[in-house]
Structure formats: structure tokens, C-alpha cells
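> The numbering used here puts the sequence shown at residues 0 to 654.
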Amino acid sequence: MATIKPFLLVLLFSIFSRISSSKTHHPLDPLTREELSLVQLIVKKSYPPRSSPVFHYVALDEPEKHDVLSWLAKPEPEPLPRRAQAILRVHKQTHELVVDLKARKVVSKHVHRGPGFPSLTLEEQTAANDLPLTYGPFLRSAAKRGIDVSQVVCSVFTVGWFAEEKQFIGKRVVKIQCFSKKDTVSVYLLPVEGLTIVVDLDEMRIVEYKDREVAPMPRAEGTEYRLSKLPLPHGPRINDTYHRTFFHACRWMNWEFHVSFDARPGLVISMARIYDPDQKAFRSVMYRGHISELFVPYQDPTEDYYYKTFFDSGEFGFGVSAVSLVPNGDCPSHAVYMDAFYAGPDGTPVHVPNVFCIFERHAGEVMWRHTELAIPHVTVKSRPEVSLVVRMIVTVGNYDHVIDWEFKPSGSIKTQVGLTGILEVKAANYTHADQAAASEEAHGTYLAEHTIGLYHDHFLTYYLDIDVDGATNSFVKKNLVPRRNTNTGHHRTPRKSYWTVLGVGPTELVIENPNKKTKPGNPHGYRLIPGPVIHPLLAPDDGPQIRGSFTNYNIWVTPYNKTERYAGGKYVDQSQGEDGLAVWTRRNRKIENEDIVMWHVIGFHHVPCQEDFPMMPTLSGGFELRPTNFFERSAVLKAVPPPPMKADGCGVVEP
0 MATIKPFLLV
10 LLFSIFSRIS
20 SSKTHHPLDP
30 LTREELSLVQ
40 LIVKKSYPPR
50 SSPVFHYVAL
60 DEPEKHDVLS
70 WLAKPEPEPL
80 PRRAQAILRV
90 HKQTHELVVD
100 LKARKVVSKH
110 VHRGPGFPSL
120 TLEEQTAAND
130 LPLTYGPFLR
140 SAAKRGIDVS
150 QVVCSVFTVG
160 WFAEEKQFIG
170 KRVVKIQCFS
180 KKDTVSVYLL
190 PVEGLTIVVD
200 LDEMRIVEYK
210 DREVAPMPRA
220 EGTEYRLSKL
230 PLPHGPRIND
240 TYHRTFFHAC
250 RWMNWEFHVS
260 FDARPGLVIS
270 MARIYDPDQK
280 AFRSVMYRGH
290 ISELFVPYQD
300 PTEDYYYKTF
310 FDSGEFGFGV
320 SAVSLVPNGD
330 CPSHAVYMDA
340 FYAGPDGTPV
350 HVPNVFCIFE
360 RHAGEVMWRH
370 TELAIPHVTV
380 KSRPEVSLVV
390 RMIVTVGNYD
400 HVIDWEFKPS
410 GSIKTQVGLT
420 GILEVKAANY
430 THADQAAASE
440 EAHGTYLAEH
450 TIGLYHDHFL
460 TYYLDIDVDG
470 ATNSFVKKNL
480 VPRRNTNTGH
490 HRTPRKSYWT
500 VLGVGPTELV
510 IENPNKKTKP
520 GNPHGYRLIP
530 GPVIHPLLAP
540 DDGPQIRGSF
550 TNYNIWVTPY
560 NKTERYAGGK
570 YVDQSQGEDG
580 LAVWTRRNRK
590 IENEDIVMWH
600 VIGFHHVPCQ
610 EDFPMMPTLS
620 GGFELRPTNF
630 FERSAVLKAV
640 PPPPMKADGC
650 GVVEP
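(1) Quick check on this structure: which residue in H442, G193 and A435 has the alpha carbon closest to the alpha carbon of D663?
(2) Tell whether a beta-carbon distance below 8 Å holds between W160 and Q573.
(3) Which one of A85, Q84, V89 and L30 has the shortest CA to CA distance from R49?
(4) Which parts of the stretch 272 to 344 are runs of the alpha helix (DSSP H), unbroken and 4 residues or longer, counting only runs that do not cross its ends?
(5) Between the alpha carbons of K307 and F458, how many angstroms are there, rounded?
(6) Mark T698 as exposed unless 16 or more other C-beta atoms lie within 10 angstroms of its C-beta, in which case mark it buried.
(7) Taking the beta strand (DSSP E) that K209 falls in, what are its first and last residues?
(8) Please go through the same chain and pick out, in chain order, the residues whose beta-carbon is closer than 7 Å to the beta-carbon of A162, but skip the five residues on each side of it.
(9) Answer yes if the stretch 553 to 571 comes into contact with the stretch 104 to 120, meaning at least three C-beta pairs across the two stretches below 8 Å, and no otherwise.
(10) Near N428, which residues of its chain fall below 6 Å by C-beta distance, leaving aside the five closest residues on each side in sequence?
(11) Just checking my contact of L132 with C153 at CB under 8 Å: how many whole Å lie between their CB atoms?
(12) Please say whether V509 and V556 have beta carbons closer to each other than 8 Å?
(13) Drop a sphere of 10 angstroms on the beta-carbon of L536, count the other beta-carbons inside from all chains shown, and report buried for 16 or more, exposed for fewer.
(14) Rounding to the nearest angstrom, what Cα-Cα distance links K495 and V532 in this structure?
(15) Anyone know if the C-beta pair for F315 and E292 falls short of 8 Å?
(16) Compute the beta-carbon to beta-carbon distance between S411 and R625, rounded to the nearest angstrom, for a pair I have assumed lies under 8 Å.
(17) Output yes or no for whether 8 Å exceeds the beta carbon distance between L35 and V57.
(18) I'd like to know if the stretch 546 to 562 and the stretch 586 to 595 are in contact, where contact means that at least 3 CB-CB pairs between them fall below 8 Å.
(19) Do A85 and V38 have their CB atoms nearer than 8 Å?
(20) Are the stretch 352 to 359 and the stretch 330 to 340 touching, with three or more C-beta to C-beta distances below 8 Å?
(21) With a CB to CB cut of under 8 Å and the five nearest residues on each side skipped, what residues in its chain are close to Y662?
(22) According to DSSP, is Y525 helix, strand or coil?
(23) Indicate the three-state DSSP secondary structure (helix, strand or coil) for E364 in the structure shown.
(24) Excluding the 5 residues preceding and the 5 following H233 in the sequence, name in chain order all residues of the same chain whose CB lies nearer than 6 Å to its CB.
(25) T419 and T617: beta carbons closer than 8 Å?
(26) A436 to Y304, Cα distance in whole Å?
(27) At the level of alpha carbons, what is the spacing between S409 and A470?
(28) Tell me whether G135 sits in a helix, a strand or coil according to DSSP, three-state version.
(29) Per DSSP, M615 forms a beta bridge with which residues?
(30) Below 8 Å on the Cβ atoms is my contact criterion, and I expect P655 with G452 to pass it. Report the Cβ-Cβ distance as a whole number of Å.
(31) Write down the C-beta distance between I421 and P613 rounded to the nearest angstrom, noting that I regard them as a contact closer than 8 Å.
(32) Pull the bridge partners of K104 from the DSSP assignment, please.
(33) Apart from the five residues just before and just after R236, which ones in its own chain have a Cβ nearer than 6 Å to its Cβ?
(34) What would DSSP say about A470, mapped onto helix, strand or coil?
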């Protein structure tokens, strides 16, 4: 790893030499390029030569949790067996395989028979997008609209599931929407309306085509966002130096944790532990955390848009859709970077450079401070807030998602997701906002001539395997309740009311270890400070809401099960709600004093506005996991203040 700038040396960021050894894998390390190539070889040898299996998902088949924890407790552990799980399409069937990398053989093979399909590959999306451009009926439709086909790009959209639609049941189909790129790079802002294009992915051909109506095209004017085409803004230039690392286990300040990559959730944080100076040991906080699913239902019931109810992680893959981060743009100049690999459709490893960045955040916040007014000459103590951030950015279609995990010396873990990119818009025969407001067919905000920004929601579900001082935990809800003072007790008081804490109500949400307590007797815990909470507005019997029923509540708690990680189920594309978080919770399994998982759903109702056009300013939301009676005293008192930082190139300009 390259030398880190001097002001970072005080706040330590290091890589475990034991774990980063090329001979000893951390048991949760993602599959390497060499291991992915080995999986490709083993799997292809297990099928006849002309089977042509298509790889949709390959990832580490993680060891059992108790084996990982036992490995961590040993000073010189032997490597745990490395296995891979793979999901393939072979002869229009979905195959699930487990591969033993040491034995170099397939140890398990299963054919999925139920509803749902694996996530789409980038290559089949590209192939499907190209079909309309040489399809005669589409060429005639384009000519009828006066559109030059050389200025057209198309994009794949999953079709969802609606019980009343029977035509394509059991078929891997998608819908294609096309856009004009004439005079703009914001292609999503210039949709070609009035067409229905359905593609069978297994046969890679158009199986349905309708040209229903010719709608006016939105204008390209005002959709430019490239810096080279806009007036140059004022501001300092930053050099392009940056650092790179390929390791996965990190230690910083009083934290240590593991960073991993998975083709489905993308960024995975695991084995998060914090050092307790009183106990002189690292203590467990979280075994695994990641985004489980992102549900984005659009609120337009018309034929062109009703099916747009996307499950971005399960249908497209956050890892596959992760982009290479741009130094000094996506991440600050002092960030370090990590690369990743995933399996392409033929099993060949695909390299994603700079998929994660890790950096210290100096945001000018105060970690703690106090002024002793009662002491002569006034004693003032203050510490600036410094935290460590792990970042990934995912681009799915028109939306970009900035995903952060932030670790604080206080013991808190904060998450944040930033939504940016380009709005989903539709063309409409309106020339003023009043016309759209008076229409029942708008289903969005009038933004520009013939352009409607569609109403939609974002529901992000986080998987949080919290292990507070061990795996055996309980979930506790506490409510702050006002009480009328009746002057009970030994003393009278003029107070009319006060508040206390009862063990009911959802105000305080805590994962506790009932078997570990502080010296005063409080159980060790971590409190959830929830993120933005919204409630689904779709009808409960609507197909998209049946599939997205994990959004019915913002907090779920389930017993740990290695196979239960994705809120929408294992196979999300065209699923029917037969699998997933809402189904698992009906089993009424024991969650008290057990190894439990908390799922937190945060969300946004997005009503587009003028400021979102043509490029959306980042809209952010997140939550915090905060220690609650976890330490005997404040964890921040021993935090070392960083050295003063100078903002080069800044100063006071005399008038």
C-alpha cells in the first residue's frame, strides 16, 4: 500500500498482515480471480461440452458462523475450507451448484423449480437492448416519429409479477424501452413513448411488439450536465494522487472489521469489533451487515409504466452494477481503494478496479466538548469528530446510489445511502404545470415541455446480524412515557410531570445481550437510531406489494439462518411473494436470547421537483447503531485529537 499522507498517521488505518497473507485467507474473503477461474473450470467440466452454462451468480459459500468465530479465536488458525456457490442457466433451467475448491469438484447440484429467476447478466441486457435497432417494426415506428435510429439507445426493464397476466408465466422475459440521444447524453430524459417491446431472454428475440400511439418527444434543451459543455465553475483544483490496496481486513482507531464484495449486495461489512480499554480486548458488535434489497415501485399505472416496480439488488445485482470510483470526485484525495472480481456469463472473472474506497472523514463536527464555567480561568476541552468511511457506488439504470458505512471512535456505526442520477421521466402532451395538475394521467411532476418526472418510492432494506458481546442476544423495545407526578416517594416537588422508560412501544430499539451486564447491572446493548421511515402506499393485494411485503414494517427481527439474507427471496426476478422476509417471519420462531438478525427498512417517497432536473442533487438518508450500556464509561475520552489541518489555497480576500 502506498504511503498515507502525514495527517492520517495519527489516526491509524492498517491492514492485518496475518490476514492479508497470500497463503491464509480470512474465511470471509471474497473469491479471488484465481478461485473464480477455478470455479469456471470445475463447473464447465461437470456439464456436457455443448451445454453452454451461463453464470448468473458466483460467490463464496461462507463457512458456518460458529466455524468462523472459532477460527477468529485461534492465534494461528488453519485456513477453513473454501467453497463456492454458483447459480447458472442451462437449457432454460436454473441450476444451483456448490463447488469444493480444494477437492476441485461439484459437491452439490440442484435445479430450481419454483417461481422466480436469477439476476440478469450485463451481457444479456446488452444483447436485448440491441434487438429493436434491427427489428423491422421498430424501424418503421421510429420513422413514423421522425427519429433517426442511429440516435436511439434502448434499455432493459424487468417486468415484475401481476397475477392477472398469464401470457408469459414461466418465461424469462423483460421489457425494452428506447430513448433518443440526439443533442444530449441524458438519454433517460428523452423516452420514445407509445411502444411495448417484450424480449424472451432465453431465446433472445422479441416476442411481443405493439405501437399504440405517437406521443410528443421531450426537448433536449436544458438536459446537459457535462462540465465541458457548461460554464466553468469556480473552485480549487485537487491533484489526482490516490492509494490502492487489495486487502480485506481493516483496523482503524479502536475498530477492526472485514470488507468483502458480493455480486448481489456488493459491499459487505462483517466481523466488526471494537476495542474496550477497560477489558483490554476487542468485543463483537456486528457479524455481518449489508443492503439486502432496494425496492423501487413507480406510481404510474399506464401501460408504458405499470410494470416498473424494480428490485435493484435481486434483479440486477448491486455488486455487478457497482462502478469504479473516481479519485477526487467520488472519494477524497486521501482515500485508499480496493478492487473486486465477479464471474461473467461464461464464468470468466470480471475485474472492477476501485470498487470500494476507504477514507477518514474530517467534517468539522465536534465529537465531544465541555466548558467548566464553575472553575476559575475556565477549563475548555474539545475533540473534533473523525470517522472512517467505506464507500461503494452502484448505478442501476438512471439512478446512482452512494452507499457508505461509517465507523466512529465512540462505538457507533452509521450507514448512509445517497440517491442521485437522472429521474425516470415520461413524455406527455403538456406545455404547462397546470395542465399536468388537472390531469389524472400525469402521475408525476411537470418539469419541462412534454416532460413528466414520475412519482416513485425507494425502500432500502438492511441486513444487520448484530452480535453484542456474542451471538446470543434479545431485541428490546422501550417507550418514553409521560407520567403525572403524584408526589409519591419521600419528598414533595413542584414538578407536574416527568417521563420514564417502560418496556413497551417502539421508541427505543435495542439489541441487548441479557447474559452480559455492566458493573451497575445494565445489559450490554446497541441501540438503533432509525433512518427515514415511510409506509408503502400500494394496495396489499397489488402484485408489486405482495413481492415487496418486507416493506410493511420498518423493523423485523428473525433468528439467524445462513440461507436467509435477501428480504425479497433468493430468486427475485418475476417472483410471486412465495419467499422472503415476510414469509420467514410467519414461522414464529424464538428470538429471545438467541442468535438474531435485525432488518431495518428506510425509505423515501420521491415527488420530483424542478431542482431534480436534469441531474438530481444527492438525497441522503441513513441510520445509526449506537452503543447503549455497552461500555462502562464514555468510549471517546481516550480518543487522540488529530493534528491541525491547513486548508491550502484558502484565505481572506481584502475588498
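Glycine included, C-beta positions come from ideal geometry on N, C-alpha and C.
This is what the structure gives:
(1) Absent from the model: residue 663. The displayed extent of the chain is 0 to 654, so no value can be given.
(2) As a first step, residue 160 is located in the sequence shown; it is residue number 161 there, counting from the start. As a first step, residue 573 is located in the sequence shown; it is residue number 574 there, counting from the start. In terms of Cβ geometry, W160 and Q573 form a close pair [threshold 8 Å].
(3) Working through the sequence shown from its first residue, we reach residue 49 at position 50. Comparing C-alpha distances from R49 to each of A85, Q84, V89 and L30 shows the shortest one belongs to V89.
(4) Within the stretch 272 to 344, no complete alpha helix (DSSP H) run reaches 4 residues.
(5) Mapped onto the sequence shown, residue 307 falls at position 308. Mapped onto the sequence shown, residue 458 falls at position 459. Distance between the alpha carbons of K307 and F458 is about 14 Å.
(6) Outside the shown range of the chain (0 to 654) lies residue 698, about which nothing can therefore be said.
(7) Start at 1 with the first residue of the sequence shown, and residue 209 comes out as number 210. Note, K209: beta strand (DSSP E), R204 to D210.
(8) As a working mapping, residue 162 is identified with position 163 in the sequence shown. The residues are G542.
(9) Contact holds: three or more Cβ-Cβ distances are below 8 Å.
(10) Taking the first residue of the sequence shown as 1, we reach residue 428 at position 429. Within the same chain, Cβ atoms closer than 6 Å to the Cβ of N428 are found at P215, the five residues on either side in sequence being excluded.
(11) Here the question's residue 132 lines up with position 133 in the sequence shown. Here the question's residue 153 lines up with position 154 in the sequence shown. The C-beta distance from L132 to C153 rounds to 7 Å, short enough to fall under 8 Å.
(12) Numbered from its first residue, the sequence shown carries residue 556 at position 557. Numbered from its first residue, the sequence shown carries residue 509 at position 510. No, Cβ-Cβ distance for V556 and V509 is not below 8 Å.
(13) Numbered from 1 along the sequence shown, position 537 holds the residue referred to as residue 536. Burial call: exposed.
(14) One-based indexing of the sequence shown puts residue 495 at position 496. One-based indexing of the sequence shown puts residue 532 at position 533. With a pLDDT of only 42 at K495, under the threshold of 50, the placement of this residue in the model should not be trusted, and no figure is reported.
(15) The count along the sequence shown starts at 1 and reaches residue 315 at position 316. The count along the sequence shown starts at 1 and reaches residue 292 at position 293. The answer is no: Cβ separation not under 8 Å.
(16) Working through the sequence shown from its first residue, we reach residue 411 at position 412. Working through the sequence shown from its first residue, we reach residue 625 at position 626. S411 to R625, Cβ: 5 Å. Contact.
(17) Stepping through the sequence shown from its first residue, residue 35 is reached at position 36. Stepping through the sequence shown from its first residue, residue 57 is reached at position 58. Annotated as proximal: L35 and V57, with beta-carbon spacing under 8 Å.
(18) Yes, they touch.
(19) The sequence position of residue 85 within the sequence shown is 86, counting from 1. The sequence position of residue 38 within the sequence shown is 39, counting from 1. The answer is yes: Cβ separation under 8 Å.
(20) Below 8 Å, enough C-beta pairs join the stretch 352 to 359 and the stretch 330 to 340 to call them touching: three or more.
(21) Because the chain here runs from 0 to 654, residue 662 falls outside it and cannot be looked at.
(22) Position 526 of the sequence shown, counted from the first residue, corresponds to residue 525. It is a strand residue.
(23) Start at 1 with the first residue of the sequence shown, and residue 364 comes out as number 365. In the three-state reduction of the DSSP assignment, E364 falls in the strand class.
(24) Taking the first residue of the sequence shown as 1, we reach residue 233 at position 234. For H233, the predicted model reports a pLDDT of 37, less than 50, meaning its position is unreliable and no value from the coordinates is stated.
(25) One-based indexing of the sequence shown puts residue 419 at position 420. One-based indexing of the sequence shown puts residue 617 at position 618. Taking 8 Å as the Cβ cut-off, T419 and T617 qualify as a contacting pair.
(26) Translated into positions along the sequence shown, residue 436 becomes position 437. Translated into positions along the sequence shown, residue 304 becomes position 305. A436 and Y304: Cα-Cα distance of roughly 19 Å.
(27) Sequence index remark: in the sequence shown, residue 409 carries index 410 (1-based). Sequence index remark: in the sequence shown, residue 470 carries index 471 (1-based). Distance between the alpha carbons of S409 and A470: 22 Å.
(28) The residue given as residue 135 occupies position 136 in the sequence shown. Three-state DSSP puts G135 in a helix.
(29) Taking the sequence shown and counting its residues from 1, one reaches residue 615 at position 616. DSSP output for M615 lists G420 as bridge partner(s).
(30) Because residue 655 is not part of the residues shown, which for the chain are 0 to 654, the question remains open.
(31) In the sequence shown, counting from the first residue as 1, residue 421 sits at position 422. In the sequence shown, counting from the first residue as 1, residue 613 sits at position 614. With 8 Å as the limit, I421 and P613 qualify as a contact, their Cβ atoms being about 7 Å apart.
(32) Position 105 of the sequence shown, counting from 1, holds the residue named residue 104. Paired residue(s): D99.
(33) For this step, residue 236 is matched to residue 237 along the sequence shown. With a pLDDT of only 32 at R236, under the threshold of 50, the placement of this residue in the model should not be trusted, and no figure is reported.
(34) In the sequence shown, residue 470 corresponds to position 471, counting from 1. Secondary structure of A470 (DSSP, three-state): coil.
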